[in-house]
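Below is one structure, written out as structure tokens, with a few remarks after it.
See below:
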């Protein structure tokens, strides 16, 4: 009897200690698709994690796991993180969508935040950035600066986010240069420097003198630098070390304010499942310094475009826009709805090739 | 479809660059496996070579020295695998996987200060009239030294295994270590040397990635190249010539499919993306189909002189 009481009180004590500890520190977990040193996508998410630590100090503990493959193994990694006591878990790649939903169903008390997806639950929020706004500016600069009128695009996976970027860049390149052509290479990876470099080289060998990338490493920048006479744009991160050429500007993902907000919400107990999709106006999408290699007038136009988007005066997808097969998508002056954009699975008129499925 | 924008000269040139890292790693691993040791740590040794080669080249401005030190570093790392599996008789599969993990972790630690830096790359060789020949000159005779060294290495490995006493002993150790031991050969010592050689080759392959093919250091940059090399050794049924065919096929189809995409070929992209794996496996299985080409009989089995 005595022993039982002792055991029970010991258990109660350890439970109390456990919960007291949990109250002291909120544990925020991050699942990354690549290594934190990729210099692009994952690097910026990790900068956001560090900002959470810097801002909230001792009140928070962060953990992360890098290079987690998308698919079945992700579920194991997320479960592990939930079991290890994380209060909020950010899963930072599109392919973690279903694994996140599955794990979230098993851990109703843990908050989940899935980047770039579209499935939600009471304890699953989604967040993403309107990268296509940045792509519009890239397209404008690319269209103005290409001499061969061939623009190479290294795409990762045929998901709406990537297709949106291609369409936005093409639309704005075409606007300023009707002769422009896009060559799109699907790398089927987010991170494989050797393959990304090979893809960049293949595009350059085929006559492209502008390389846009939607993969995470800086390898295409290095390949372009080696080739010379090719310009590139930093992807997800500034990649300023490759400026002023080949890298002439960049899209910078700034997750820090969002991450700080969300972790704070968990601390305050005000966390709710939300759907966030911010762009240039809130600073979630940043446009990196436009380098001296860009002529002053092109730079001024690009900045004006950026300001118009930020102010909400201009939507990058404003009609008239037709789909690739010529059927109308947006009428004159009509802007794309978020629903259309989130599910975008078609090329716009003028792009060649098919969207892989 | 308009494929005229693909320049065959540039295509062949980039295929050779693309195949070299895998070829180097695979030929080294083949020697290790012919000695009867299964080292699954190729990925770890490659990435160690990549980071060490890059760091040395950046600090000394000498890419050749980078390659040399990368080979040495990976070889020394592979010796840790050798000591564990050959002297302490640990499980080869588990130790090899451990070696990969150690290599990945170690490399990201060493590589931190080198992210985003630019290194001197290997100069392209100028082979006089050979390089000046139209078409063929640019295709085949104006690469950097490592491309030719890797091909020379294949020939040397093939000749040594086939025609020399050393090669015969190495194969004997791999086929039946008890018999080799009974004949008085130092099984463990020979295997250690093979492991060392395999490590050095993987290191060269890794350094080729970071110094020539990409060229830069990025954490995790081998992204599975070591595993491809391992697979090629198996599908090439442990023959040097076939390893070379496999590596060139894999590198070649990878580059070719990217070029086809860039040129806008009307082939489904999913098929193109899978094609390097499909083609390599199909061709190697086809050419290995005739005759008995099993694995070395003692592959992966532990050896102790007392047994």
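Chains as they are written, first to last, in the numbering used here: chain A, 6 to 362; chain L, -8 to 298.
We put the CB at the ideal spot given by N, CA and C, even for glycine.
Residues sharing a beta bridge with residue i, DSSP
i: residue 32 (chain A); result: A:66
i: residue 327 (chain A); result: A:333
i: residue 156 (chain A); result: A:187, A:215
i: residue 134 (chain A); result: A:283
i: residue 200 (chain A); result: None; residue 200 (chain A) has no bridge partner.
i: residue 238 (chain A); result: A:254
i: residue 353 (chain A); result: A:328
i: residue 117 (chain A); result: A:94, A:129
i: residue 310 (chain L); result: For residue 310 (chain L) there is no data in the structure shown, the boundaries of chain L being -8 and 298.
i: residue 290 (chain A); result: A:258
i: residue 340 (chain A); result: A:323
Candidates the options: closest to residue i by CA position
i: residue 237 (chain A); options: A:251, A:227, A:57; result: A:251
i: residue 108 (chain L); options: L:225, L:151, L:183, L:47; result: L:47
i: residue 28 (chain L); options: L:250, L:229, L:270; result: L:229
i: residue 286 (chain A); options: A:137, A:161, A:50, A:229; result: A:137
i: residue 123 (chain A); options: A:64, A:322, A:50, A:280; result: A:280
i: residue 202 (chain L); options: L:233, L:52, L:291; result: L:52
i: residue 8 (chain L); options: L:270, L:126, L:140; result: L:140
i: residue 287 (chain L); options: L:199, L:160, L:143; result: L:160
i: residue 276 (chain A); options: A:128, A:347, A:255, A:205; result: A:128
i: residue 313 (chain A); options: A:239, A:284, A:125; result: A:284
i: residue 211 (chain L); options: A:197, A:239, A:156; result: A:197
i: residue 88 (chain A); options: A:105, A:99, A:115; result: A:115
i: residue 20 (chain L); options: L:257, L:195, L:-3; result: L:195
i: residue 63 (chain A); options: A:210, A:183, A:272, A:292; result: A:272
i: residue 212 (chain A); options: A:154, A:103, A:258; result: A:154
i: residue 168 (chain A); options: A:151, A:79, A:191, A:39; result: A:191
i: residue 351 (chain A); options: A:362, A:304, A:98; result: A:362
i: residue 67 (chain A); options: A:148, A:94, A:73; result: A:94
i: residue 292 (chain L); options: L:81, L:-2, L:16, L:207; result: L:81
i: residue 298 (chain A); options: A:39, A:85, A:235, A:205; result: A:235
i: residue 267 (chain L); options: L:106, L:84, L:236, L:181; result: L:236
i: residue 56 (chain A); options: A:263, A:253, A:79; result: A:263
i: residue 26 (chain L); options: L:165, L:144, L:86; result: L:165
i: residue 223 (chain L); options: L:205, L:208, L:272; result: L:272
i: residue 148 (chain L); options: L:285, L:22, L:86; result: L:22
i: residue 73 (chain A); options: A:38, A:206, A:91, A:131; result: A:38
i: residue 192 (chain L); options: L:6, L:-5, L:-2, L:41; result: L:41
i: residue 104 (chain A); options: A:75, A:51, A:158, A:327; result: A:75
i: residue 58 (chain L); options: L:199, L:242, L:150, L:172; result: L:199
Check whether residue i and residue j have beta carbons under 9 Å apart
i: residue 174 (chain A); j: residue 217 (chain A); result: yes
i: residue 126 (chain L); j: residue 0 (chain L); result: yes
i: residue 133 (chain L); j: residue 116 (chain L); result: yes
i: residue 92 (chain L); j: residue 35 (chain L); result: yes
i: residue 241 (chain A); j: residue 202 (chain A); result: no
i: residue 221 (chain A); j: residue 43 (chain A); result: yes
i: residue 190 (chain L); j: residue 72 (chain L); result: yes
i: residue 64 (chain L); j: residue 43 (chain L); result: yes
i: residue 306 (chain A); j: residue 152 (chain A); result: no
i: residue 183 (chain L); j: residue 83 (chain L); result: no
i: residue 257 (chain A); j: residue 290 (chain A); result: yes
i: residue 219 (chain A); j: residue 161 (chain A); result: yes
i: residue 327 (chain A); j: residue 288 (chain A); result: no
i: residue 207 (chain L); j: residue 224 (chain A); result: yes
Residue i CB to nearest heavy atom of the ligand MG below 8 Å
i: residue 30 (chain L); result: The ligand MG is absent from the structure shown, which contains no ligand whatsoever.
Cβ of residue i within 9 Å of any chain B Cβ
i: residue 358 (chain A); result: Chain labels in this structure do not include chain B; the protein chains are A and L.
Next on the checklist: What are the residues in the segment 74 to 87 of chain A lying within 7 Å of chain L by C-beta distance?
Outcome noted: none
Checklist entry - If contact means a Cβ-Cβ distance below 7 Å, which residues of the segment 154 to 168 of chain A contact chain L? => result Within the segment 154 to 168 of chain A, contact with chain L at the beta-carbon level (separation under 7 Å) is assigned to 157.
Checklist entry - Unbroken alpha helix (DSSP H) runs of length 4 or more, entirely within the segment 99 to 165 of chain L: which are they? => result 120 to 123, 127 to 131, 136 to 154
Checklist entry - Taking any Cβ of chain A, which residues in the segment 104 to 135 of chain L have a Cβ under 7 Å from it, in chain order? => result 106, 107
Next on the checklist: So if I threshold CB-CB distances at 7 Å, which residues from the segment 202 to 224 of chain A count as touching chain L?
Outcome noted: 202, 203, 204, 206, 207, 208, 210, 211, 212, 222, 223, 224
Item to check | Contiguous alpha helix (DSSP H) assignments of at least 4 residues, all confined to the segment 188 to 259 of chain L | outcome: 216 to 226, 231 to 254
Checklist entry - In chain order, what residues of the segment 194 to 211 of chain L put their CB closer than 7 Å to some CB of chain A? => result 200, 204, 205, 206, 207, 209, 210, 211
Item to check | Contact residues within the segment 261 to 289 of chain L, judged by C-beta distance below 7 Å to chain A | outcome: 261, 264
Checklist entry - Name the residues in the segment 53 to 74 of chain A whose C-beta lies less than 9 Å from a C-beta of chain L; which are they? => result Result list: 71, 72.
Checklist entry - Which residues, taken in chain order from the segment 244 to 257 of chain L, show a beta carbon closer than 7 Å to some beta carbon of chain A? => result Correct list: 245, 246, 249, 250, 252, 253, 254, 255.
Checklist entry - If contact means a Cβ-Cβ distance below 8 Å, which residues of the segment 58 to 76 of chain L contact chain A? => result Hits within the stretch: zero.
Item to check | Short-range partners of chain A found in the segment -2 to 28 of chain L, where Cβ spacing is below 8 Å | outcome: Under the 8 Å Cβ criterion, the segment -2 to 28 of chain L contributes -2, 1, 2, 5, 9, 12.
Checklist entry - Residues in the segment 245 to 270 of chain A with C-beta within 7 Å of chain L's C-beta atoms, listed in sequence order? => result 246
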